[in-house]
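**Student:** Just dropping this structure here.
2 protein chains.
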Amino acid sequence: MQRGTFKWMKSVNKTMILNKIRLSGSISRADIAKETGITPPTVSSIVKELMDENLVKESHLGQSTGGRKPTLLQLKEDGYYVIGVDAGSKTIKGVVSDLVGNIYSRTEVEVYSNITKEEFLKSLSMVVEQLLTGYKQHMDKILGIGVAMHGVIDVETGTSLHSVNSGLINVPIKQTIEKIFDLPVMVENNSRAMTLGEYWFTNDNAYNCFTVINIGRGVGSGLIVDNKLVHGAQGVTGEIGHVSISLDGERCSCGNIGCFETFVTGDAIVRRAKRCIANASENLTAEEVYRLAKRGKREYIQILEETGKLIGIGIVNFIHTVNPDKIVLSGGVMKSKEFLLPSIQKTIHERVLTDKLRLETIIEVSKLGDDITVLGAAALLLNELFY
Amino acid sequence: MQRGTFKWMKSVNKTMILNKIRLSGSISRADIAKETGITPPTVSSIVKELMDENLVKESHLGQSTGGRKPTLLQLKEDGYYVIGVDAGSKTIKGVVSDLVGNIYSRTEVEVYSNITKEEFLKSLSMVVEQLLTGYKQHMDKILGIGVAMHGVIDVETGTSLHSVNSGLINVPIKQTIEKIFDLPVMVENNSRAMTLGEYWFTNDNAYNCFTVINIGRGVGSGLIVDNKLVHGAQGVTGEIGHVSISLDGERCSCGNIGCFETFVTGDAIVRRAKRCIANASENLTAEEVYRLAKRGKREYIQILEETGKLIGIGIVNFIHTVNPDKIVLSGGVMKSKEFLLPSIQKTIHERVLTDKLRLETIIEVSKLGDDITVLGAAALLLNELFY
DNA sequence: AAAACTTAGTTAATTAAATTAATAAAGATA
DNA sequence: TATCTTTATTAATTTAATTAACTAAGTTTT
Numbered sequence: 001m002q003r004g005t006f007k008w009m010k011s012v013n014k015t016m017i018l019n020k021i022r023l024s025g026s027i028s029r030a031d032i033a034k035e036t037g038i039t040p041p042t043v044s045s046i047v048k049e050l051m052d053e054n055l056v057k058e059s060h061l062g063q064s065t066g067g068r069k070p071t072l073l074q075l076k077e078d079g080y081y082v083i084g085v086d087a088g089s090k091t092i093k094g095v096v097s098d099l100v101g102n103i104y105s106r107t108e109v110e111v112y113s114n115i116t117k118e119e120f121l122k123s124l125s126m127v128v129e130q131l132l133t134g135y136k137q138h139m140d141k142i143l144g145i146g147v148a149m150h151g152v153i154d155v156e157t158g159t160s161l162h163s164v165n166s167g168l169i170n171v172p173i174k175q176t177i178e179k180i181f182d183l184p185v186m187v188e189n190n191s192r193a194m195t196l197g198e199y200w201f202t203n204d205n206a207y208n209c210f211t212v213i214n215i216g217r218g219v220g221s222g223l224i225v226d227n228k229l230v231h232g233a234q235g236v237t238g239e240i241g242h243v244s245i246s247l248d249g250e251r252c253s254c255g256n257i258g259c260f261e262t263f264v265t266g267d268a269i270v271r272r273a274k275r276c277i278a279n280a281s282e283n284l285t286a287e288e289v290y291r292l293a294k295r296g297k298r299e300y301i302q303i304l305e306e307t308g309k310l311i312g313i314g315i316v317n318f319i320h321t322v323n324p325d326k327i328v329l330s331g332g333v334m335k336s337k338e339f340l341l342p343s344i345q346k347t348i349h350e351r352v353l354t355d356k357l358r359l360e361t362i363i364e365v366s367k368l369g370d371d372i373t374v375l376g377a378a379a380l381l382l383n384e385l386f387y
Numbered sequence: 388m389q390r391g392t393f394k395w396m397k398s399v400n401k402t403m404i405l406n407k408i409r410l411s412g413s414i415s416r417a418d419i420a421k422e423t424g425i426t427p428p429t430v431s432s433i434v435k436e437l438m439d440e441n442l443v444k445e446s447h448l449g450q451s452t453g454g455r456k457p458t459l460l461q462l463k464e465d466g467y468y469v470i471g472v473d474a475g476s477k478t479i480k481g482v483v484s485d486l487v488g489n490i491y492s493r494t495e496v497e498v499y500s501n502i503t504k505e506e507f508l509k510s511l512s513m514v515v516e517q518l519l520t521g522y523k524q525h526m527d528k529i530l531g532i533g534v535a536m537h538g539v540i541d542v543e544t545g546t547s548l549h550s551v552n553s554g555l556i557n558v559p560i561k562q563t564i565e566k567i568f569d570l571p572v573m574v575e576n577n578s579r580a581m582t583l584g585e586y587w588f589t590n591d592n593a594y595n596c597f598t599v600i601n602i603g604r605g606v607g608s609g610l611i612v613d614n615k616l617v618h619g620a621q622g623v624t625g626e627i628g629h630v631s632i633s634l635d636g637e638r639c640s641c642g643n644i645g646c647f648e649t650f651v652t653g654d655a656i657v658r659r660a661k662r663c664i665a666n667a668s669e670n671l672t673a674e675e676v677y678r679l680a681k682r683g684k685r686e687y688i689q690i691l692e693e694t695g696k697l698i699g700i701g702i703v704n705f706i707h708t709v710n711p712d713k714i715v716l717s718g719g720v721m722k723s724k725e726f727l728l729p730s731i732q733k734t735i736h737e738r739v740l741t742d743k744l745r746l747e748t749i750i751e752v753s754k755l756g757d758d759i760t761v762l763g764a765a766a767l768l769l770n771e772l773f774y
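Protein chains in written order, with our numbering: chain A, 1 to 387; chain B, 388 to 774.
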């Protein structure tokens, strides 16, 4: 929207109020006015609009503090729904979610490697189609479709420029899906979508500089500054899997040596285990390393602790570069968190530059678990609504 | 300013117009309206205000394109002055500059190691005092004082929390200097100030994600996203000198092993030269390495090229984490740019993830040279004026 | 229990500042 | 000279916030 116009000013105020309501759970008009600095009549009139738009509802009366009881306002969680799709390299998963991340239905289809553009888009639209079946009567309540996909995305056009895993190039996701379903579509890189998901659905937005680091088959991260995802110049921020933490070592799939990825992904853990443990199985998997560690096998525990240390080094690098308030860890590898987290924490404590960083940087494992990506995709739409 | 008010809306438009004038050199009201989307009457009335405030002037008439000639507007560069101070660990340098970075006068005082808070503040105010002597009659034309200082700064209170080099802790710079001179004071970390300086005075602001990397006695960086310096949670962003690029190696002053700093600072270059070159002088300095390389000494050239490669690795790490449009290199070490830059470029080309990154990430050496820090300090005030 | 005070929220009048429409200024073109 | 273009300003209008007054619904004091 054109900045500096009346409409824009109003939308800024509306957004402020809507967010205040969302983040406080329930709040009176008077308190909104106090906390946002917007005057009471303006609050009243905008709240009226928000109620007309089905975004906000009056819930109950609050406690009096010496005068008239406040009418508390709440977000009308199920006033609208969004569709979130996680387009992975093995499966495409989709959900219908409401404004606060409650999931109402799920679908999933498998995709095969060497899939073509057309097949991929067909599978994607199949997932959306299935999710929408229950909502044909209420299409006006569907805000839109968010798609999270690995690789480099052009967010403006909603095109997947290229993804290493599935080998797809220049897939016009937004254009295609918008045409089929006549709904707004937003496409984002999966790490960034995850970051948004965690930020929206588990966060009190108190953190101005927020990060998710995803450690699975690769390592990626997303960064939110001032409530906005940082995209960088070519939309490749957060490729911290290809930050080099060693001058020697294995060659990475990207061609370089010493990439963070070559030390901490599931495959890397397996490789290291095989190298260090004499009687390791030929078909060892990362899941099995975890299982064996849980059974108390010392060598496997040690492998995971070592992995934790390496993850810690990568995180410290990130902290020293960006200094986020909070770092959330997610991804398959983090399922071994009971073994990883202590050594991650220890490494960070040892290596971080200042006491303040040590004490104040929050490190957590994602609370959304496997749903982080689909919910992140859904959050893409909410981000438009609320900001 | 409170968001969503009339005043705020106006100030946003005013800022947009002022910047449009600054960045285009000279432009007509009509073109401002076209390019900003603000309506002509609004442009006219705001321009009138800007002229009253001595920030903008009418220059000459432009070419007609089939109608009335446009009256071109320009920034009134010398309408205001700012003071920029570079509080280093060896000297405190200060300048008086105008709105576009022209320097009108300079001062410099030495500071001794083990300086006390009081002595430091006295030296600092001495520098400012000397700079102000010529301007006593026109104090209203001085916008304020910017101070760039190494170490961790609390930007809100303008306090130097702690600086490793000079050992100072909790120095209330803003509070003290504002009291003495009755002028607005802004304090910022030196790397970030440098970034702002380069951004303001050499940049067309076309870059949305802009970085300066400073390689001198330490390594620091600053990052501008959406025209704003990124500060991070504890104000320690950009400490890329303490990003670990090796799992083994020398111990850094920070206690860790493998820090980027231990490979690429002046001291690191000297250490590596001594280690690799049999007949190296006992008192070798980084300057001398450069001199010897310029004289064609193969071994010293190789040392610098190796340094370039290591700098390249650090830069690639930064690119993969943040993906800036443009990286400007500054600092003492970059005086050897003729030897460093080619191998930096080569390393980046080899190691960067995608073709787009390779082709589109701009790497340059600072055009402001040694003035980058004082001008950056000055830019702190302009940043307030223009945004 | 009535009066006085508090807090919440709305209504009406006012104001800031952008927008629209009309017009003037100054030149180009036919 | 008449007409058309582009630039810029003026006057009238509109948007949406602000201020002030007021109603609603309590609590506290007397």
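Ideal Cβ positions, reconstructed from N, Cα and C, are used throughout, including at glycine.
Please specify which runs of the beta strand (DSSP E), each continuous and at least 3 residues long, are wholly inside the stretch 395-475 of chain B, giving them in chain order.
**Tutor:** Here the runs fully enclosed are 413-415, 443-448, 458-462 and 468-474.
**Student:** In whole angstroms, what separates the C-alpha of A:N256 from that of B:G521?
**Tutor:** So the alpha carbons of these two residues sit roughly 57 Å apart.
**Student:** Is the number of C-beta pairs between the stretch 288-298 of chain A and the stretch 173-182 of chain A that are closer than 8 Å three or more?
**Tutor:** Not touching, per the Cβ criterion.
**Student:** Could you say which of B:F647, B:T748 and B:T694 lies nearest to B:K722 if we only look at CA atoms?
**Tutor:** Out of B:F647, B:T748 and B:T694, B:T694 has the C-alpha closest to the C-alpha of B:K722.
**Student:** Can you give me the start and stop residues for the beta strand (DSSP E) that A:T159 sits inside?
**Tutor:** Element bounds for A:T159: T159 to H162.
**Student:** When you compare only the Cα positions, how much space is there between A:N189 and A:V82?
**Tutor:** When rounded, the distance between both Cα atoms is 18 Å.
**Student:** Quick check for students: name the residue ranges of the beta strand (DSSP E) that lie wholly in the stretch 501-547 of chain B, counting only runs of 3 or more.
**Tutor:** DSSP runs (the beta strand (DSSP E)) wholly in the stretch 501-547 of chain B: 529-536 and 539-541.
**Student:** DSSP on B:M573, reduced to helix/strand/coil?
**Tutor:** If DSSP states are grouped into helix, strand and coil, B:M573 belongs with the strands.
**Student:** Taking 9 Å as the threshold (beta carbon to beta carbon), is B:A620 in contact with chain A?
**Tutor:** Answer yes: the Cβ-Cβ gap between B:A620 and chain A drops below 9 Å somewhere.
**Student:** Across which residues does DSSP place A:D204 in a beta bridge pair?
**Tutor:** Its beta-bridge partners do not exist; DSSP assigns none.
**Student:** If you drop the 5 nearest sequence neighbours on each side, which residues of the same chain put their C-beta closer than 6 Å to that of A:K141?
**Tutor:** Taken in chain order, the residues that qualify are Y80 and Y81.
**Student:** Please state if the CB of A:L121 and the CB of A:I173 are separated by a distance shorter than 9 Å.
**Tutor:** The answer is yes: Cβ separation under 9 Å.
**Student:** Roughly how many angstroms lie between the CA atoms of B:G756 and B:S717, to the nearest whole one?
**Tutor:** Approximately 7 Å, taken between the alpha carbons.
**Student:** Of all Cβ atoms in chain A, is any one closer than 9 Å to the Cβ of B:K397?
**Tutor:** Chain A, which has a Cβ nearer than 9 Å to the Cβ of B:K397, makes this yes.
**Student:** Take B:E725 as the anchor and find which of B:K743, B:A680, B:I749 and B:D742 has the nearest alpha-carbon.
**Tutor:** That would be B:A680, whose Cα lies nearest to the Cα of B:E725.
**Student:** Measuring CA to CA, which of B:F647, B:T741 and B:K733 is closest to B:I750?
**Tutor:** Ranking B:F647, B:T741 and B:K733 by Cα distance to B:I750 puts B:K733 first.
**Student:** Cβ closer than 7 Å: which chain B residues qualify as neighbours of A:G134?
**Tutor:** Neighbours of A:G134 on chain B: none; closest Cβ ~39 Å, over 7 Å.
**Student:** When DSSP builds the beta bridges, which residues end up paired with A:R251?
**Tutor:** Its beta-bridge partners are A:I257.
**Student:** Going by the CB atoms, is the gap between B:K480 and B:V514 shorter than 9 Å?
**Tutor:** The answer is yes: Cβ separation under 9 Å.
**Student:** Going by beta-carbon coordinates alone, are B:P711 and B:L583 separated by less than 9 Å?
**Tutor:** Cβ distance not < 9 Å, so B:P711 and B:L583 don't count as in contact.
**Student:** Return the residues of the stretch 598-626 of chain B that lie within a Cβ-Cβ distance of less than 9 Å from chain A, sorted by chain order.
**Tutor:** So the close ones are S608, L610, V612, D613, K615, V617, H618, G619, A620, Q621, G622, V623, T624, G625 and E626.
**Student:** So for B:D485, helix, strand or coil by DSSP?
**Tutor:** Three-state result, B:D485: strand.
**Student:** What does A:H242 reach in chain B if we use C-beta pairs closer than 7 Å?
**Tutor:** What A:H242 touches in chain B: H707 and L740.
**Student:** What whole-angstrom Cβ distance do B:K394 and B:M388 have, given they're in contact under 8 Å?
**Tutor:** Between B:M388 and B:K394 the Cβ distance is about 6 Å, and since that is below 8 Å, they are a contact.
**Student:** Counting only the same chain and skipping the five closest in sequence on each side, list residues whose C-beta sits under 6 Å from that of A:V225.
**Tutor:** The answer, listed in chain order, is C209.
**Student:** Taking the Cβ atom as the reference point for each residue, do B:K397 and A:G37 lie within a distance shorter than 9 Å?
**Tutor:** Not closer than 9 Å, so no.
**Student:** Among the candidates A:G258, A:Q302 and A:G266, whose CA atom is the shortest distance from the CA of A:I277?
**Tutor:** That would be A:Q302, whose Cα lies nearest to the Cα of A:I277.
**Student:** Flag this pair as yes or no: are the beta carbons of A:S390 and A:K309 separated by less than 9 Å?
**Tutor:** What the structure shows of chain A is the stretch from 1 to 387, and residue 390 of chain A is not part of that stretch, so it cannot be assessed.
**Student:** Should B:L746 be labelled buried (16 or more other beta-carbon atoms within 10 Å of its own) or exposed?
**Tutor:** When all chains shown are included, B:L746 counts as exposed.
**Student:** Does B:H549 get closer than 9 Å to chain A when you measure Cβ to Cβ?
**Tutor:** So, interface residue.
**Student:** Step through the CB atoms of chain B and report whether any lies within less than 9 Å of the CB of A:G331.
**Tutor:** With 9 Å as the cut-off, A:G331 does not count as an interface residue toward chain B.
**Student:** Okay, do the stretch 198-212 of chain A and the stretch 242-260 of chain A touch, 3+ Cβ pairs below 8 Å being the bar?
**Tutor:** Flag = no, the stretch 198-212 of chain A and the stretch 242-260 of chain A do not touch.
**Student:** Excluding sequence positions up to five away, which residues of its chain have a Cβ less than 8 Å from the Cβ of B:D635?
**Tutor:** The answer, listed in chain order, is I644 and G645.
**Student:** Thinking just about the alpha-carbon of each residue, which of A:N214, A:K34, A:G101 and A:S163 is nearest to the one in A:K76?
**Tutor:** Cα-wise, what sits closest to A:K76 is A:G101.
**Student:** Inspect the beta-carbon positions of A:V432 and A:G314 and report whether they are closer than 9 Å.
**Tutor:** Since the displayed chain A opens at 1 and closes at 387, residue 432 of chain A lies outside it and no answer follows.
**Student:** Which of helix, strand or coil does DSSP assign to A:E305?
**Tutor:** Helix at A:E305.
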